[in-house]
Amino acid sequence: IILSFLIDRRLFKMTTFDAYDPFTVEESSGPLVNEGRRADGRFPEECRPVFIQLGTVPAASGSAYLEFQDTKVMCSVYGPRQNTRGGAGFSSNGALRCDVKFTPFASPTRRHFAPGQDVEARDAGVMVQRALEGAVLLETFPKAVVEVHVLVMQAAGGEVAAAITCASAALAHANIPMRDLVIGATVAQVENEIVLDPSTSEERKSDGTLSMAFLPSAHEVTQMSSMGAWPHAKVLEAMELCMDGCTQLNEVVRDSLKTHSKSSS
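At position 119 of the sequence shown (counting the first as 1) the number is 119 in this note's numbering, and the numbers step up by one without a gap.
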């Protein structure tokens, strides 16, 4: 199925996406980890191929597009601008508002959600906001608000981690003061093996998942959540693998920011 969109060319730079069937999920029938290799050929500590592009929404203050192979996320940032929400009052700190939305074709299950009833999207927005609030210097824009809008275009595993990383890159592109970049990563416990950046199949068949938002330079965790049963020793191993993945991805995001800055100057 090839999906075509009517997009205002004044607002968006066109990005080419691979055609795919959003309502077909390929499940591996064999073991997910075999002789140290995963079903897609990766090692347990290996991320999927990453692609990042900045400035994808020129009308926004900052924007970014991020791919983890088949997981595709776009983020736009607006502000700082006056906080017009009623009852906001004066505050010495600014406000950060984040929301996450999934396209109806992001995955086979998305088409069954009615607008306003998507609990997964609301929970993802809360996690993204918590992750970013630990890094954004809100005191630098008092009585103002920065809005972060994340759109998950294709969900194939690790959507929240991708949303956090994409939002951080968009904030940096918008020149919003931050203590550090916020990088997200997810690990899963699959067949007694901890794997980094799990695919949808690995997440579904896992005994548990753990997601983290990490400040690589400050070496601080701003948000962490887990699902499933995790023995204490495995939790520590999972956290270390998450931090290693964040450190690797941090270099990719920083290189992209540097390249974009040079090409824009």
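Here a beta-carbon is modelled for each residue, glycine too, at the ideal position from N, C-alpha and C.
*How is T71 classed by DSSP in three states: helix, strand or coil?*
Three-state DSSP puts T71 in a strand.
*Jot down the residue ranges of each uninterrupted alpha helix (DSSP H) in the segment 227–265, minimum 4 residues, whole runs only, in chain order.*
232–264
*Look at A155 and F102 and say whether their C-beta atoms are less than 8 Å apart.*
Contact flag set, yes.
*asked:* Please state whether the Cβ-Cβ distance between V150 and V100 is less than 8 Å.
replied: yes
_Taking DSSP's pairing of strands, which residues face K101 in a bridge?_
L151
*State the Cα-Cα distance for the pair M212 and V160, rounded to the nearest angstrom.*
C-alpha separation (whole angstroms): 9 Å.
_The beta strand (DSSP E) that contains G184, what's its start and end?_
183–190
_CA-to-CA distance, T209 to V187, given in whole angstroms_ = Between V187 and T209, the C-alpha separation is close to 6 Å.
*May I have the straight-line CA-CA distance separating G202 from E191, to the nearest angstrom?*
According to the sequence as given, residue 202 is Glu; it is not Gly. Rounded to the nearest angstrom, the two C-alpha atoms are 10 Å apart.
*For the beta strand (DSSP E) that V195 lies in, which residues bound it at each end?*
193–196
*Would you call the CB atoms of A185 and C246 closer than 8 Å?*
yes
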